[in-house]
Amino acid sequence: MSLKPGARLAYAVRRADGAELMPAGTQVDIDQLRQLIQRGIECVDVLEEETRDAAQIERDVAAATERVAHLFRGKSNAARDELAAVIAEFRRKAAS
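The sequence shown maps to residues 27 to 122 in this note's numbering.
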């Protein structure tokens, strides 16, 4: 596991029975890291700090929108347009 002390959990860590071990947002310390290892938990999602400035985020969103438009170029129909809109929204959120 490459998790380091100080990382913040993106999602709650749960046991196999669904009971919560650590809530989302927990900043993991060395003792909690040991607990995860002892329980055999090999993977957790962590929050990452945004390093892009607003202009870069705007460029990334525009690029994602353009890629979807390119994929869905050509003849369209209602179902295809709906799918394109859903994918474009997903890509915009992922890029921002």
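For each residue, glycine too, the CB sits at the ideal point set by N, CA and C.
Practice task
Measure the alpha-carbon distance for threonine 77 versus phenylalanine 98 and round it to whole angstroms.
Solution key: Residue numbering aside, residue 77 sits at position 51 when the sequence shown is read from its first letter. Residue numbering aside, residue 98 sits at position 72 when the sequence shown is read from its first letter. Each residue's CA atom was taken as its position, placing threonine 77 and phenylalanine 98 some 31 Å apart.
Handout entry: Sheet register partners of leucine 35 (DSSP bridge)
Key = Counting from one through the sequence shown, the residue named residue 35 turns up at place 9. According to DSSP, residue pairing for leucine 35 in a beta bridge involves Val72.
Practice task
Measure the C-alpha to C-alpha separation of arginine 117 and leucine 47 and round it to an integer number of angstroms.
Solution key: The sequence position of residue 117 within the sequence shown is 91, counting from 1. The sequence position of residue 47 within the sequence shown is 21, counting from 1. Approximately 32 Å, taken between the alpha carbons.
Handout entry: Selection from Ala88, Asp107, Val94 and Ala38 that minimises the alpha carbon distance to proline 49
Key = Mapped onto the sequence shown, residue 49 falls at position 23. Looking at the Cα atoms, Ala38 is the closest of the given residues.
Practice task
Confirm, please, whether the CB-CB distance from glutamine 53 to glycine 66 is below 8 Å.
Solution key: Position 40 of the sequence shown, counting from 1, holds the residue named residue 66. Position 27 of the sequence shown, counting from 1, holds the residue named residue 53. With a cutoff of 8 Å on beta-carbon distance, glycine 66 and glutamine 53 are scored as not near each other.
Practice task
Specify, as a first and last residue, the run of the beta strand (DSSP E) that leucine 47 falls within.
Solution key: Position 21 of the sequence shown, counted from the first residue, corresponds to residue 47. Boundaries of the beta strand (DSSP E) harbouring leucine 47: 46-48, taken from the DSSP string.
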